[in-house]
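Accompanying notes for the structure given below.
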Amino acid sequence: MPEPMAKALGWPDTPISITDLEGLCQNPEGWGSVGKDIWGAFKISKTNPNTSTTGLSTILMQSYEASGKSEGLTGDDVDAAEDFSRVFEECVIHYGDTTGNVLSTLYDETQNGANGSAYVSAVALEETSLLNYNKGNPDSHTVQPGETLTPPKTKLVAVYPSGGSMWSDNPVTVLGADWITPEQRTAGEAFAAFLQTTPAQQILPEYGFRPLDESVALGDLFTANFGVDPAQPTVTLPKPDVDVISTAIDQWTQVRKPSSVLELIDISGSMDDPIGDGRSRLDGAIEGAQTTLDHFRSTDEVGVWAFTTGVESDEGDGIQVLRDVSALGSDGEKLDSSLDDLRYAQRNGTPLYDAILTAYEAMGERAEPGRINAIVVLSDGEDTDSTTSLDSLIAKIGKSTKEGGTDAPVRIFPIAYGEGADTSALQRIADATGGQMFDASDAERIDLVFASVINNF
Numbered sequence: 003m004p005e006p007m008a009k010a011l012g013w014p015d016t017p018i019s020i021t022d023l024e025g026l027c028q029n030p031e032g033w034g035s036v037g038k039d040i041w042g043a044f045k046i047s048k049t050n051p052n053t054s055t056t057g058l059s060t061i062l063m064q065s066y067e068a069s070g071k072s073e074g075l076t077g078d079d080v081d082a083a084e085d086f087s088r089v090f091e092e093c094v095i096h097y098g099d100t101t102g103n104v105l106s107t108l109y110d111e112t113q114n115g116a117n118g119s120a121y122v123s124a125v126a127l128e129e130t131s132l133l134n135y136n137k138g139n140p141d142s143h144t145v146q147p148g149e150t151l152t153p154p155k156t157k158l159v160a161v162y163p164s165g166g167s168m169w170s171d172n173p174v175t176v177l178g179a180d181w182i183t184p185e186q187r188t189a190g191e192a193f194a195a196f197l198q199t200t201p202a203q204q205i206l207p208e209y210g211f212r213p214l215d216e217s218v219a220l221g222d223l224f225t226a227n228f229g230v231d232p233a234q235p236t237v238t239l240p241k242p243d244v245d246v247i248s249t250a251i252d253q254w255t256q257v258r259k260p261s262s263v264l265e266l267i268d269i270s271g272s273m274d275d276p277i278g279d280g281r282s283r284l285d286g287a288i289e290g291a292q293t294t295l296d297h298f299r300s301t302d303e304v305g306v307w308a309f310t311t312g313v314e315s316d317e318g319d320g321i322q323v324l325r326d327v328s329a330l331g332s333d334g335e336k337l338d339s340s341l342d343d344l345r346y347a348q349r350n351g352t353p354l355y356d357a358i359l360t361a362y363e364a365m366g367e368r369a370e371p372g373r374i375n376a377i378v379v380l381s382d383g384e385d386t387d388s389t390t391s392l393d394s395l396i397a398k399i400g401k402s403t404k405e406g407g408t409d410a411p412v413r414i415f416p417i418a419y420g421e422g423a424d425t426s427a428l429q430r431i432a433d434a435t436g437g438q439m440f441d442a443s444d445a446e447r448i449d450l451v452f453a454s455v456i457n458n459f
């Protein structure tokens, strides 16, 4: 948590539990319940447990907390924790694909003068990610020689839940595939053995990892100065059996926060350009959107608009509505077919800013508390035809992310598609709403990028 927020809950003197955080989620006063009205609602960021070890550990910790156990978690315990977990999910801002992306947004807000409260109050993350953040490396990238890191103006502090924490044990093995040569096997086995030696274990704390060898000193990084407590966690929660983990993931699929998502797809003339794998840019966009449809539940709301000049609809000039935002129900196959229809749409100019503003205003009118309200924007170029300027757009869409936020914010997740996309403008648009920009400059990877975006919902 940002240090001022943790202190408002009594940290470091008062133990804080997951139940305490659930209570803040459930309390309609949010931060006002502890005398911090200006901070607004209590907001949590978690990653998707289907793609993130951190996200998986978090939902298991929730089940442990609800059961009152510190070991021996069962499938029945997970089932009994359903209502507890559902409440906890209600204050999730969105499900990131990685904690690094969430931390980068928080870092940028902190450096620009905000304390981050309008974006997020608590982040479920691993200790090494927190240490990197406080060093000024929010996305935990490999620091290059000569690179200067700038620590955040407001550091994060580790709140180790009083009910216990889970360890991420990173395994190493030599693959048993028939294409592994004897020389490779020997090298792999030697490397695995080296990792367990004292010299190797002594390297780990320098990079924010706790060593397997408990006799190795943690060093200067594992200190309160960097937001951690080397004596914590005092309670360790063991990994449950595989069937229990599967039950927890299945439950999360049902209790995760519902979403209302509008996909806004650029169909301007440049979308006919090839991407090198036999597909056009538009082919890649259509197939990327189609492959993610199964992610949504029938109760999730999904809409698809396309934009270019020379078209119009009830939503306005430059907008073609393929599907209004509504509960998906059993319409997945129908929507799949509607996306295919984009291949035959007329393709002209790029009124990017006008289209985003129209979509934002429409989603803002129907946004509901308790949902992830979001717009996914895919564009392969710069704006060429809008009457709205970028600065004007930023001013209008950024209002709901001011201090304290709003009960039903609409976040924008742009995909910069291909080398011609205006990444600077798209990043500003994402930042203005507390969303996240995704880089698909390698257009052949659009399927994977689309999947990463949809993991947020």
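Everything in the sequence shown is counted per the working numbering, starting at 3 for the first residue and increasing by one. Backbone N, C-alpha and C define an ideal beta-carbon position, used for all residues, glycine too.
Worksheet item: Considering only residues of the same chain and omitting the five flanking positions on each side of aspartate 79, which have a CB-CB separation below 7 Å?
Response: Cβ contact annotation for aspartate 79 (same chain, cutoff 7 Å, sequence separation greater than five): Ser65, Ser69, Lys71, in chain order.
Worksheet item: DSSP three-state call for lysine 404: helix, strand or coil?
Response: Only weak support is given to the placement of lysine 404: the predicted model assigns it a pLDDT of 48, under 50, and the value that follows is read from those uncertain coordinates. Looking at lysine 404 - three-state DSSP - the assignment turns out to be coil, as it is neither helix nor strand.
Practice prompt. List the whole-angstrom C-beta distance separating threonine 1 from serine 131, where the pair is believed to meet the contact cut-off of C-beta under 8 Å.
Written response: Missing from the structure shown is residue 1; the chain here goes from 3 to 459 and no further.
Practice prompt. Could you say which of Asn458, Leu295, Glu303, Tyr355 lies nearest to glycine 320 if we only look at CA atoms?
Written response: Of the listed residues, the one whose Cα sits closest to glycine 320 is Tyr355.
Worksheet item: Which same chain residues, not among the five before or five after tyrosine 109, have their C-beta less than 6 Å away from its C-beta?
Response: Within the same chain, tyrosine 109 has close Cβ partners Pro140, Pro154.
Practice prompt. Could you pull out every residue in the same chain whose Cβ sits closer than 6 Å to the Cβ of serine 164, ignoring the five residues on either side in sequence?
Written response: Around serine 164: Pro17, Ser19.
Item to complete: Take glycine 400 and list the residues in its own chain whose beta-carbon comes closer than 6 Å to its own, dropping the five residues that flank it on each side.
Response: The residues are Ala434.
Worksheet item: glycine 406 to leucine 151, Cα distance in whole Å?
Response: Low per-residue confidence applies at glycine 406: pLDDT is 43, beneath 50, and the placement is therefore not dependable enough to give any value.
Fill in: Which listed residue (Thr175, Asp180, Leu133) has its alpha carbon closest to that of valine 160
Looking at the sequence itself, residue 160 is alanine, so the reference to valine does not match. Selected option, being the one with the closest Cα: Leu133.
Practice prompt. Would you decide whether glycine 1 is buried or exposed? Buried here means 16 or more other CB atoms lie within 10 Å of its CB.
Written response: With the chain represented from 3 up to 459, any question about residue 1 goes unanswered, as that position is not in the structure.
Fill in: Integer Cβ distance of glycine 351 from aspartate 382, believed to fall under 8 Å
So it is not a contact: roughly 13 Å between Cβ atoms.
Worksheet item: Using the C-alpha atoms, what's the distance from threonine 101 back to aspartate 245?
Response: Near 26 Å, if we compare the C-alpha coordinates of threonine 101 and aspartate 245.
Discussion item. Between the alpha carbons of asparagine 1 and proline 213, how many angstroms are there, rounded?
Written reply: It is not possible to answer for residue 1, since the shown part of the chain is limited to 3 through 459.
Fill in: Length of the line joining the Cα atoms of methionine 439 and serine 170
About 28 Å.
Worksheet item: Any idea what DSSP makes of proline 14, helix, strand or coil?
Response: In the structure shown, proline 14 sits in coil (DSSP, three-state: anything other than H, G, I, E or B).
Worksheet entry | Residues near leucine 428 in its chain [Cβ-Cβ closer than 6 Å; skip 5 each side] | Within the same chain, leucine 428 has close Cβ partners Pro416, Ala418, Met439.
Worksheet item: By a C-beta neighbour count over all protein chains shown, 10 Å radius and 16 as the cutoff for buried, is glutamate 335 buried or exposed?
Response: Exposed is the call here.
Worksheet entry | Cβ-based neighbour list, alanine 308, same chain, cut-off 7 Å, excluding 5 preceding and 5 following | Excluding positions up to five away in sequence, the list reads Ile267, Ile269, Gln322, Leu324, Leu344, Ala347.
Fill in: phenylalanine 44 vs leucine 26 beta-carbon contact at 8 Å
Cβ distance < 8 Å, so phenylalanine 44 and leucine 26 count as in contact.
Practice prompt. Out of Ala357, Asp342, Ala361, state which residue places its alpha-carbon closest to the alpha-carbon of valine 327.
Written response: When only C-alpha atoms are compared, the closest one is Ala361.
Discussion item. To the nearest angstrom, how far is the alpha carbon of alanine 442 from that of glycine 305?
Written reply: In a straight line, the C-alpha of alanine 442 is about 22 Å away from that of glycine 305.
Worksheet entry | Contact belief for histidine 96 with phenylalanine 459 at Cβ below 8 Å, rounded distance in angstroms | Taking C-beta atoms under 8 Å as the contact rule, histidine 96 and phenylalanine 459 qualify, at a distance of about 7 Å.
Fill in: Residue closest to leucine 462, alpha-carbon to alpha-carbon, out of Asn50, Ser54, Thr60
The structure shown does not extend to residue 462, since the chain is modelled only from 3 through 459, so no value can be given for it.
Worksheet item: Going by Cα to Cα distance, which pick from Met273, Ala445, Ile374 is closest to lysine 48?
Response: Scanning Met273, Ala445, Ile374 for the CA closest to the CA of lysine 48 turns up Ile374.
Worksheet item: Under 8 Å between the Cβ atoms of methionine 365 and valine 412?
Response: Yes, these two residues count as a Cβ contact at 8 Å.
Discussion item. If I measure Cβ to Cβ from arginine 478 and keep anything under 7 Å in the same chain, skipping five residues before and after, which residues do I get?
Written reply: Residue 478 lies beyond the residue range present for the chain, which begins at 3 and ends at 459; the question has no answer from this structure.
Discussion item. Taking the beta carbon of tyrosine 135 as the centre, do at least 16 other beta carbons fall within 10 Å, making it buried, or is it exposed?
Written reply: By the 10 Å Cβ count, tyrosine 135 comes out buried.
Item to complete: Within 10 angstroms of the Cβ of isoleucine 205, are there 16 or more other Cβ atoms? Answer buried if so, exposed if not.
Response: Exposed.
Discussion item. According to DSSP, is leucine 330 part of a helix, a strand, or is it coil?
Written reply: DSSP places leucine 330 in coil when its eight states are reduced to three.
Worksheet item: Going by the CB atoms, is the gap between threonine 311 and alanine 329 shorter than 8 Å?
Response: No, these two residues do not count as a Cβ contact at 8 Å.
Discussion item. Can you tell me which residues form a DSSP beta bridge with alanine 308?
Written reply: Alanine 308 pairs with Ile267, Gln322.
Fill in: Three-way DSSP call (helix, strand, coil) for threonine 49 in this model
Assignment of threonine 49 by DSSP, reduced to helix, strand and coil, places it in the strand class.
Fill in: Endpoints, beta strand (DSSP E) assigned at proline 201
DSSP places proline 201 in no beta strand (DSSP E) but in the uninterrupted alpha helix (DSSP H) bounded by 200-205.
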